[in-house]
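Structure first, then comments.
Residue numbers (my numbering): 5 to 101.
This is the structure we're talking about:
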């Protein structure tokens, strides 16, 4: 009988230990789930940031291209008065006394 009581006592102790381990495992699984959710949120936020950066870069490239076009227009416009001035000098040179 003492052997049966000892076996039941040992079984109860082992069941208690298994129960403790199950609680630890459940807690670890819950923490892992929270960490995974957090990483998914961070990944989504990073993807949104990358999209915003890409859009900004496209806008900067378009602005730079427009600036180059404006510089070409200014250059062409500045050449015209110089050509007119040279032509006037030629015409005035004909009428010297």
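Don't be surprised by glycine CBs; every beta carbon is placed ideally from N, CA and C.
Straight-line CA distance for residue 87 to residue 73? 21 Å
Opening and closing residue of the alpha helix (DSSP H) in which residue 61 lies: 6-98
Using a Cβ-Cβ cutoff of less than 8 Å, which residues in the same chain neighbour residue 102 once the five nearest sequence positions on both sides are dropped? The question about residue 102 has no answer here: the residues shown for the chain are numbered 5 through 101.
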